[in-house]
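A short write-up of the structure that comes next.
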Amino acid sequence: MPKMKTHRGAAKRFKLTASGKIKRSKAFKSHLLEHKSAKRGRGLRTPTLVHATDHRNMRTLLPYL
Numbered sequence: 223m224p225k226m227k228t229h230r231g232a233a234k235r236f237k238l239t240a241s242g243k244i245k246r247s248k249a250f251k252s253h254l255l256e257h258k259s260a261k262r263g264r265g266l267r268t269p270t271l272v273h274a275t276d277h278r279n280m281r282t283l284l285p286y287l
């Protein structure tokens, strides 16, 4: 059985926390920021966690994370 390949796009976007949860950054922060409020921009800056229901899919993309 060959080794499983890591999904390279996912590997660049997700990190593992010390407790084993998967951390991700938020979308909609790259451009068109003029009309978005400063409060919304600050909220988009902070990373968040991948929802528990998506963990099985993440394991297939990132088998060695």
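According to the numbering used here, the sequence shown is numbered sequentially starting from 223. Just so you know, even glycine gets a beta-carbon here, dropped at the ideal spot from N, CA and C. Keep in mind it's a predicted model, so treat the numbers as computed, not measured.
Nearest to residue i by CA position, among the options, is which residue?
{"i": "S247", "options": "E256, L238 and L271", "result": "L271"}
{"i": "R267", "options": "M280, S252 and P224", "result": "S252"}
In whole angstroms, what is the alpha-carbon distance linking residue i and residue j?
{"i": "K234", "j": "K245", "result": "11 Å"}
{"i": "M226", "j": "P285", "result": "7 Å"}
{"i": "R264", "j": "K258", "result": "10 Å"}
{"i": "L255", "j": "G242", "result": "33 Å"}
{"i": "K261", "j": "H229", "result": "33 Å"}
Determine, using beta carbons only, whether residue i and residue j come nearer to each other than 7 Å.
{"i": "A232", "j": "L283", "result": "yes"}
Beta strand (DSSP E) runs contained entirely in the segment 232-265, provided each spans 3 or more residues: 236-238 and 244-246
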